[in-house]
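Here's the structure we're looking at; comments come further down.
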Amino acid sequence: MKISRLYFVALGALILFAAGCGGNGSVVPAGAGNLTGYIYTRSYNSGSAARQTMRAASATVPDGYIPVSGAKVELLNNNIDPVTTGSDGMFLFTNLTAGRYTVRVTKKDPVTNADILTPLEFQVTVSQNVTNVVNDSFAATDISMDPIATGTLTVTASVDCAVAVPVNGEVYINDVNTFATTPIALFNDIGVGTYRVHVNAAGYQVPPDKDAIITQGGSINLAFILAPQGNATPFATIATPADNATVVAGNAVALTGGAVDCEDGNLTGAALAWTSSIDGALGTGAALSLTTLSIGTHTITLKATDSDGAFTTASITLNVNAAGSNTAPTASLIAPANGAV
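In numbering that gives the first Met the number 0, the protein residues as written are 0 to 340.
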């Protein structure tokens, strides 16, 4: 998941349109106006957009984003001093003459002074007697810019015990849930800077935060060791078949998997139970060979249970087709070449 785009987000729900009062509580001089907003960037490189969330009165950061602090915000072609975004990504210009302005946002490396985010420019209109907000939701305007200097971050999590047990946990960057999960979470193309990272996992104490200092072209690995709250949950994996594999009904299908537990070590036998969303219980143990799976799309689940009753599951999708199923032919045009005259 990546920091691929910079969004300019509003304080919309906080605007007070009464004359003489700004949405952030500042007084707007008669005949002038204020200009405010928030700068965010994605906290991870997911291929999908984060939730389009309006800036609420509680000033919560939208899911999947982190504030951009220390960005320089200036109004071009004016003798107005630039401002810098705070730790929450907010900027504010006060007592502006009503009219049209060009806003420029830059984020530079504090050591080299080189741009680490592509400079952003957009135009706004400032009205008098109110605090003007540029945008009130992600959906309203797509104002974005990509990081110039990036690095890579890998986050891993395991249990604090004698056995090396991976942990399924959610990764947070600067206190915002990235929706990436351990045991291994890979973040590519993160903009250069320092990020505060921690991992949350159900049934485990939250470990201390760790800082990730991202440099251009650099690679950082953060390993978190989590202490269980009472009995630790096992960790299960399915080795075969691959997720979304296709097999022919009547042919042997090998189900293999395993699980490891902090207190019990490797789980075997009845501690490993296989089920199908179509056929129900399939058997127990680390390996099964089946020829009786019904035709259809199965969710195959391996449930691992330790000696104290704690359990976890791993699942895959398996497509079982009828023998000799008819499939559509494929066609290709060899000559003449496309576009030939």
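Positions of the beta carbon are idealized from the N, C-alpha and C atoms, including for glycine.
Any C-beta of chain D under 8 Å from that of residue i
i: Ala330; result: Among the protein chains of the structure shown there is no chain D, as only one such chain exists.
Inter-residue Cα distance where the pair is residue i and residue j
i: Phe234; j: Ala270; result: 12 Å
i: Lys106; j: Asn243; result: 43 Å
i: Thr180; j: Ala31; result: 48 Å
i: Ser306; j: Leu281; result: 21 Å
i: Ile224; j: Asp159; result: 6 Å
i: Glu73; j: Val104; result: 7 Å
i: Tyr39; j: Gly88; result: 6 Å
i: Phe178; j: Asn199; result: 11 Å
i: Ile333; j: Gly36; result: 57 Å
i: Thr214; j: Pro206; result: 24 Å
i: Ala272; j: Gly284; result: 7 Å
i: Ile268; j: Gly257; result: Residue identity check: residue 268 is Gly in the sequence provided, not Ile. Each residue's Cα considered, the two are about 10 Å apart.
i: Thr84; j: Thr232; result: 43 Å
Counted within 10 angstroms of its Cβ, other Cβ atoms place residue i as buried (16 or more) or exposed
i: Gly192; result: buried
i: Val164; result: buried
i: Ile183; result: exposed
i: Ala336; result: exposed
i: Gly190; result: buried
i: Ser275; result: buried
i: Gly76; result: Correcting the residue identity first, residue 76 is Asn in this sequence and not Gly. Classification for Asn76: exposed.
i: Gly308; result: exposed
i: Leu185; result: exposed
i: Ile172; result: buried
i: Val175; result: buried
i: Gly168; result: buried
i: Thr111; result: exposed
i: Ser157; result: buried
Three-state class that DSSP yields for residue i in the structure shown
i: Ala244; result: strand
i: Gly268; result: helix
i: Ser351; result: Look at the range of the chain in this structure, 0 to 340, and you will see that residue 351 is not part of it.
i: Val67; result: coil
i: Glu73; result: strand
i: Pro81; result: coil
Contact set for residue i: own chain, Cβ-Cβ below 6 Å, skip 5 residues either direction
i: Ile277; result: Ser293, Gly295 and His297
i: Thr344; result: Limits of the chain in this structure are 0 at one end and 340 at the other, which puts residue 344 out of reach.
i: Thr312; result: Thr300 and Lys302
Proximity test, residue i beta-carbon vs the ligand FMN heavy atom, cut-off 7 Å
i: Glu262; result: With respect to small molecules bound, the structure shown includes none, and the ligand FMN cannot be examined in it.
Spatial neighbours of residue i in its chain, beta-carbon cut-off 7 Å, leaving aside the 5 residues before and after
i: Val247; result: Asn320 and Ala322
Taking 8 Å as the cut-off, does the stretch 287–296 touch the stretch 312–322 (at least 3 CB pairs, one atom from each stretch)?
Yes: the two stretches touch, three or more of their Cβ pairs being nearer than 8 Å.
Counting pairs of beta carbons, one from the stretch 225–232 and one from the stretch 117–124, are three or more of them closer than 8 Å?
These segments do not touch.
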